[in-house]
Structures are given as C-alpha cells and as structure tokens.
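Visitor: Residue numbers (the numbering used here): 91 to 381. Every residue, glycine too, gets a C-beta built ideally from N, C-alpha and C. Following this message is one structure expressed as structure tokens.
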C-alpha cells in the first residue's frame with residue numbers, strides 16, 4: 091500500500107526535485123553574476139583611478155617642462171649674464187647692473203602668471219638679487235638687494251624650500267602637510283653644480299599644481315600625493331604623511347597597486363613613477379570604496 095502511494099506520487103517527487111534543482115542553479119548563477127558584477131565594478135574603479143593618476147602625471151610633467159623653459163630663459167638673459175661675468179665685480183660698479191637684472195627678473199615674472207618670485211645669487215660679489223614681492227615664511231626673502239652674504243648662508247636659507255637642483259614644494263620634512271609654495275633651484279653653469287658661478291631660484295605659485303590634484307573623482311574620497319626621489323612629499327591633495335618605508339620599498343614596478351592597513355582601515359595604494367624627473371604619483375583609496 092505504501093509502495094503504491096510512493097509510485098503514484100513519483101511525478102510530483104520528480105517535479106519537486108526539478109524545482110529544487112532549478113532553484114539551486116538560479117542561486118548559484120545569481121551569486122556568480124553578483125560576484126562578476128562586483129569584480130567588474132571594482133576593476134572599472136581601479137582603471138578610473140589609474141587614468142586619473144596618469145592625467146595628474148602628464149599634467150605635472152608638462153608643468154615641470156614649462157618651469158625649466160622659464161629657468162633657461164632667465165639664465166640666458168643678457169643682463170643676467172653680463173651681471174654674473176662682469177670684469178669689475180665690485181658692489182659700486184655692479185649696482186646699475188643689478189638694477190637691470192631686477193628689471194629682467196620682474197619682466198619674466200610679469201610674463202608668467204604662475205611665477206611668485208625669482209631670486210639670484212652671484213658668487214663673484216656675494217650679492218643676491220630678487221624681484222620685488224611678497225610675504226614668505228623666511229625673513230630672508232624680501233624686496234631689497236642683499237650684499238656681502240656668504241654662499242653657504244644663501245644655500246642654508248633656501249634649503250628649507252627645495253633640494254639642490256631639484257623641484258620641491260612646501261617644507262623639506264616628511265611630516266604631513268599641504269604644500270604652500272614651489273621652487274626650482276638651479277645652478278649656473280649646469281655643467282658645474284658643485285661650484286656654480288650663480289644660483290637661480292624661481293618660486294612658483296602652488297595653486298595651479300593644487301588644481302591638478304583636484305581632478306580626482308570626489309566619489310572616490312581618496313588622496314593624491316606626489317613624492318620626489320627622496321620620498322619627500324612634494325604635494326598632497328589632503329593632509330597626510332608619505333607611506334611607510336616598507337610600503338615604498340614595494341613599489342618595484344613603473345606602476346601598480348599595493349594594499350596597506352591604516353589605523354585599521356584597508357587602503358588600496360595606486361602608484362605611478364616618472365623617470366624624468368624622478369617623481370612618484372600615488373592615489374590612496376579606501377578598499378571598501380572599490381568593492
């Protein structure tokens with residue numbers, strides 16, 4: 091009797107098994123679709139971040155090339171060269187020449203809105219010429235012509251702005267900050283940087299460079315940072331420190347993604363290197379925003 095009942099219900103049993111099997115398949119497929127969709131979304135966000143980083147890198151590299159062009163124009167200016175290589179380098183004879191140099195420096199400044207100030211040290215007569223400008227953190231940077239200042243003093247005073255023959259923004263320490271100024275520090279002649287006849291410092295406004303970093307998608311809520319070959323922060327879109335040395339050591343490729351933990355928060359660190367000049371562009375994105 092029981093056997094007959096089971097046989098009579100066999101089609102129903104098959105149907106139930108079929109429905110259960112289809113439900114299981116649908117559950118698996120749904121989970122797979124969700125996983126693939128999540129992976130695709132994560133991939134798209136990663137690609138978008140790398141594209142933004144590439145845009146920052148290209149724009150920054152172009153800015154640096156432009157700065158170098160400005161520097162070369164200043165260095166090749168006839169008034170500047172006459173002042174540096176005058177036959178009689180005494181302060182009395184050099185005063186009219188210094189005024190011509192100041193006019194030349196101001197002319198270049200006026201022609202380039204991104205320039206904040208220009209300073210030049212002449213080793214032959216221990217004189218420093220600058221354009222007439224601005225409030226700066228150092229008392230040294232002011233509007234008057236400096237004389238009888240030792241070469242070592244000059245270098246010590248500007249060291250807080252940039253490394254020798256290198257681009258730097260803000261301060262020289264690795265503490266977290268947002269850059270407030272930018273300077274290109276070069277020596278003349280370029281073939282003899284250890285004992286130069288002169289040193290020219292061009293200080294640029296940071297706002298144009300800061301605006302480059304503001305191209306980052308706000309939805310990512312990340313930070314873009316630029317560091318130099320010494321791993322010092324040149325510019326950062328948010329106040330933060332440079333990555334720890336062990337993280338920096340992991341940047342072995344030209345570009346890539348590393349994962350790190352910051353105070354219990356998992357962060358994806360996208361990086362891209364530039365060889366000329368030696369800069370590293372980084373984007374810090376919380377992992378949960380990429381999932």
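Have a look at residue 169 and residue 328 and give me their C-alpha separation to the nearest angstrom.
Guide: 42 Å
Visitor: With C-beta atoms as the reference, is residue 195 less than 8 Å away from residue 287?
Guide: no
Visitor: Please list the terminal residues of the continuous beta strand (DSSP E) segment that includes residue 208.
Guide: Counted as a single uninterrupted DSSP element, the beta strand (DSSP E) harbouring residue 208 occupies residues 205 to 212.
Visitor: Should residue 358 and residue 377 be called a contact, given that it needs their Cβ atoms to be closer than 8 Å?
Guide: yes
Visitor: If we count the other Cβ atoms within 10 Å of its Cβ and call it buried at 16 or more, is residue 257 buried or exposed?
Guide: Because residue 257 sits at a pLDDT of 46, beneath the cut-off of 50, its placement in the model cannot be relied upon, and the following sentence gives the value as read from the coordinates. Classification for residue 257: buried.
Visitor: Would you call the CB atoms of residue 217 and residue 314 closer than 8 Å?
Guide: No, these two residues do not count as a Cβ contact at 8 Å.
Visitor: Going by CA-CA distance only, name the one from 189, 193, 160, 352 that's closest to residue 205.
Guide: The candidate whose alpha carbon is nearest that of residue 205 is 160.
Visitor: Mind checking residue 212: buried by the 16 CB within 10 Å criterion, or exposed?
Guide: buried
Visitor: Sort 316, 354, 210 by Cα distance to residue 190 and report the nearest one.
Guide: 210
Visitor: Going by Cα to Cα distance, which pick from 171, 145, 199, 151 is closest to residue 188?
Guide: The shortest C-alpha separation from residue 188 is found at 171.
Visitor: By Cβ distance, which residues of its chain are closer than 7 Å to residue 355, with the 5 residues on each side in sequence left out?
Guide: 376
Visitor: When the Cα of residue 318 is compared with those of 365, 158, 145, which residue comes out closest?
Guide: 365
Visitor: For a test of the three-state rule: what should DSSP assign to residue 341, helix, strand or coil?
Guide: coil
Visitor: If we call anything under 8 Å between Cβ atoms a contact, is residue 371 one with residue 147?
Guide: yes
Visitor: Below 7 Å CB to CB, which residues in the same chain sit around residue 193 once its five sequence neighbours on both sides are set aside?
Guide: none
Visitor: So the alpha helix (DSSP H) residue 168 belongs to, where does it begin and stop?
Guide: 168 to 174
Visitor: Ignore the nearest five residues each way along the sequence and tell me which others in residue 363's own chain have a CB closer than 6 Å to its CB.
Guide: 344, 370
Visitor: For residue 142, which three-state DSSP category applies?
Guide: helix
Visitor: I need the DSSP call for residue 250, collapsed to helix, strand or coil.
Guide: Here the model assigns residue 250 a pLDDT of 48, short of 50, so the residue's position is not dependable, and the following value carries that caveat. Of the three classes helix, strand and coil, the one that applies to residue 250 here is coil, per DSSP.
Visitor: On the criterion of 16 or more Cβ atoms from any shown chain inside 10 Å, does residue 320 qualify as buried, or is it exposed?
Guide: exposed
Visitor: Give me the residue from 361, 326, 324 with the minimum Cα distance to residue 342.
Guide: 361
Visitor: Taking the straight line between their C-alpha atoms, what separation do you get for residue 186 and residue 219?
Guide: 12 Å
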